[in-house]
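Note sheet for the following structure.
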Amino acid sequence: MKNYRKWALILTILISWVVLGSADISLPSDQIYTDSTIDITWKLSSNIDNDINNTSIGYLIIINTEDGSFNVIDDHLNTLALSKTWNINVPSGIYLFALNDGSKEYYSEKFTILEETEGYSDTHGSSETYVASSHLAFGCILPVFHQNWRYFFSSSSSVAGSLREVEPAVLLDMTPLEYFTRHNPLPGPFPLPFLGNSHLFTGDASIAIQKLYEKYGDMWELYVGSRRQIWLCRADLVERIFHVSVKSNFLKRSPPNKGLDELGVSNNGLIFNQDLDGWHRSRSFINKVIVSPKFLRQSVPWTQSIFEEIDQYWSELGEDTVFEFNKWMKYFFMDKTFLLLMNIRTHTLANYYNKLSPNKKVDVSETFLIDSNAFLKCTESSTKSVLYFYFFPTIIRHFPGINLYTRHLLRQWNQFTDYLRKIVGTRREEIASTPENQELSPDILTLLLISNTPRDFIRKENDENKPMDEEDIIANMRSLLVGSIETLPSTMCFVVYYLARYPQVKKLVFQELDEIFGKNIDRNITPDDIPHLKYCEAVIKEVLRILPITPATVRISSGSDEIGEINFPENTEFGINISGIHMNKAHWKDPERFDPGRFLEVNDHDPHAFIPFGGGLRICPSKNMTISGIKNLMALIYRKYDIELSDINAPIKYVTTTTRRCSELKVKIKRRNL
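Using mature numbering (1 follows the signal peptide of the UniProt record, and there is no 0), the letters of the sequence shown map in sequence onto residues -23 to -1, 1 to 651.
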């Protein structure tokens, strides 16, 4: 079945190419104009006014249906303008006009240009003049592509419509000869045209990487489209890549990527920022605020307040309830994340409880300025978007039919950004209206907005004077939100699962908590308690060793460098198999065995053998905050409750995109007998 799914996409594309390629273009061709120089006038008619996308920037192209050539007439067209005229010079032939308004394509009837006569003017927008974009995509663009593929791959071709951004380099920059004569060939799967090895990643990406690791060893290669990636699965191989230095050749996470450009994440924020100066500045701001004493002190009581809420709901539902723990953690961390990052109450826990409780309901006041459920969906979709736009070549993303899914992801991504922009703007207004003698909330958004302003209370001597601009704030808040909401619930679920499967380990957790808190299970946890939870921390680290939330990461070299005694040129892309390194027998004794005690012993393992948060200067900046937050929640739960699996033999269920996400964990929650 998996093989069927794997090849389905390829066969669909090939069959569509052959079958649709022989189809005639079913548009009238009775409009004939002469003279190679023609005037084209675009006029917006009232009957398509509501059909035009709200964003007014589009582009107009002219398509020669005989030789497949495309000419862009205007790539910055205001589609909401009443009219505009262009004068163009084209050879004789049969043509179509195509307008793209940012979300849809509209096509004119065919017309023929012969030799000299008067200019051509047409009013576009009537239902007779335009046909549906899906019909044209398969009825016009694809046959032209099929019949004239050599022209599409030539340097003179300007690809338009849904294929307008496809460059020849993306499609054919690796010929079979180039593959077999590549620099320093390594073992790895043979790449397919267009796809490279993308067809191997139709399911769980981490499973595919693990199979390749088992087959090809500690160092191998694969192709993402036409891009070569060198995969590293041993600690010593990543030492130079994770070397902590501003002069490192490995400060970029990815090569220039049109998919990431399309998402707008290539030049801001922390994760994929190609502008190293901008990345360094964002990193300095984030590091500054997440270690702020005010933030760290406030994060512990904020976490306790959310736990007290979930504790009440669990008590109301009773010990006979089978809890879908993965869902409870998703909503717990959404409420907590919004509180810590923005000091906003989303009430997703309360809404979830109201769905489960047959009688008693919680009265939820509407204090959140956006729909938290819609925002959660956008947050979850954003992870899929990054994976999709990063790995799949432009020709696949914008292939007719597939481009509908591409647009869906883009719409959700833009909606996510709009939500954040509204929140940032509202908070900026709140800060401006707050008297200077009144203390501001120490949430991360507020700390970012006041950094390097007169309200900043955590100045550093080496800080730049300029505050962080709004686009970087939005990008960084997006990264922190997605990183927290996507990773923290699963981390806690995996901890609960392993403690339930290993009762002797859970007994030691109980013992540590009883020594610190005694029988006073309602005492507030303080920031000073967290460092004493050493065995809890060992449990978290062992869970992240066996099931790292981020099973792999990527770096690209900005200069030639030697890895594994092989010299690689500039712009070589390296994949770091975190899961493979964590389970490598060269670094760990009995790596399959769950043993938190290995993190209590003298740290004699290679420092790069345990890298759940990455490494080097681009290590996850919230690493310590994550560990402390999970320790805090472990203490809150396990000093009061014992959690057992509803089915002790059920395996842990999760799905993997760029991160591992627990998809199901059913448990029984009972009070401990103290």
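C-beta: ideal position from N, C-alpha, C; glycine also.
For clarity, every value in this text was computed on a predicted model and none was experimentally measured.
Backbone secondary structure at residue i - three-state DSSP
i, result
"A612", "helix"
"M445", "coil"
"R204", "strand"
"R455", "helix"
"T636", "coil"
"Y156", "helix"
"N554", "strand"
"E519", "helix"
"E239", "helix"
"K496", "coil"
"K224", "coil"
"E641", "strand"
"W126", "Low per-residue confidence applies at W126: pLDDT is 36, beneath 50, and the placement is therefore not dependable, though the value from the model is reported in the following sentence. W126: helix per DSSP, three-state reduction."
"S80", "Residue confidence is low: S80 scores 48 on pLDDT, short of 50, so the model does not pin down where it sits. Its coordinate-derived value is still stated next. In this structure, S80 counts as coil in the three-state DSSP scheme."
"K265", "helix"
"G593", "helix"
"K600", "helix"
"L417", "coil"
"S334", "coil"
"W565", "coil"
"G96", "Because the pLDDT at G96 is just 33, under 50, the model does not fix this residue reliably, and the value given afterwards should be weighed accordingly. Looking at G96 - three-state DSSP - the assignment turns out to be coil, as it is neither helix nor strand."
"P164", "coil"
"residue 652", "Any answer about residue 652 is impossible in this case: the structure gives the chain only from -23 up to 651."
"D340", "coil"
"P278", "helix"
"D624", "coil"
"S104", "Note that S104 scores a pLDDT of 26, beneath 50, so its modelled location is shaky; the value from the coordinates is reported in the next line. Reduced to three states, the DSSP call for S104 is coil."
"P480", "helix"
"I435", "coil"
"E357", "helix"
CB of residue i within 8 Å of CB of residue j, strictly
i, j, result
"S231", "F249", "yes"
"I408", "T423", "yes"
"Y200", "P168", "yes"
"N244", "D252", "yes"
"T360", "R374", "no"
"A612", "C513", "yes"
"V221", "G593", "yes"
"residue 676", "L458", "What the structure shows of the chain is the stretch from -23 to 651, and residue 676 is not part of that stretch, so it cannot be assessed."
"T323", "G606", "no"
"P528", "I186", "yes"
"V632", "D181", "yes"
"K265", "S428", "yes"
"F487", "Y615", "yes"
"I267", "I421", "yes"
"N453", "L425", "yes"
"S225", "G246", "no"
"P573", "A515", "yes"
"D195", "R211", "yes"
"H559", "I533", "no"
Presumed contact (8 Å Cβ cut-off) between residue i and residue j, rounded CB distance
i, j, result
"residue 679", "P598", "Given a span of -23 to 651 for the chain in the structure shown, any question on residue 679 remains unanswerable."
"N303", "P444", "Their Cβ separation, rounded to whole angstroms, is 39 Å, which puts N303 and P444 out of contact at 8 Å."
"E463", "T636", "5 Å"
"N161", "I543", "5 Å"
"K608", "L485", "About 14 Å separates the two Cβ atoms, so there is no contact after all."
"L177", "Y367", "Actually they do not touch by this definition, with Cβ atoms about 16 Å apart."
"T371", "S461", "At roughly 31 Å, the Cβ-Cβ gap does not stay under 8 Å, so T371 and S461 are not in contact."
"K643", "D624", "7 Å"
"R575", "E519", "7 Å"
"S269", "I435", "5 Å"
"C355", "F310", "That pair is no contact at about 16 Å."
"S535", "E550", "Rounded, the Cβ-Cβ distance is 12 Å, inconsistent with contact."
Residues that residue i bridges to, as DSSP identifies them
i, result
"M196", "L209"
"G173", "L169 and V201"
"Y618", "R648"
"K511", "Per DSSP, none; premise fails for K511."
"Y365", "BP columns for Y365 are empty, so no partner."
"Y631", "C639"
"residue 723", "Residue 723 lies beyond the residue range present for the chain, which begins at -23 and ends at 651; the question has no answer from this structure."
>> If we require 4 or more residues per run, which alpha helix (DSSP H) segments fall completely within the region 284 to 325?
In response: Assignment of alpha helix (DSSP H) within the region 284 to 325, counting only whole runs of 4 or more residues, yields 302 to 319 in chain order.
> Which parts of the region 373 to 410 are runs of the alpha helix (DSSP H), unbroken and 4 residues or longer, counting only runs that do not cross its ends?
Replying inline: 379 to 410
>> If we require 3 or more residues per run, which beta strand (DSSP E) segments fall completely within the region 523 to 551?
In response: 529 to 533, 538 to 540 and 543 to 545
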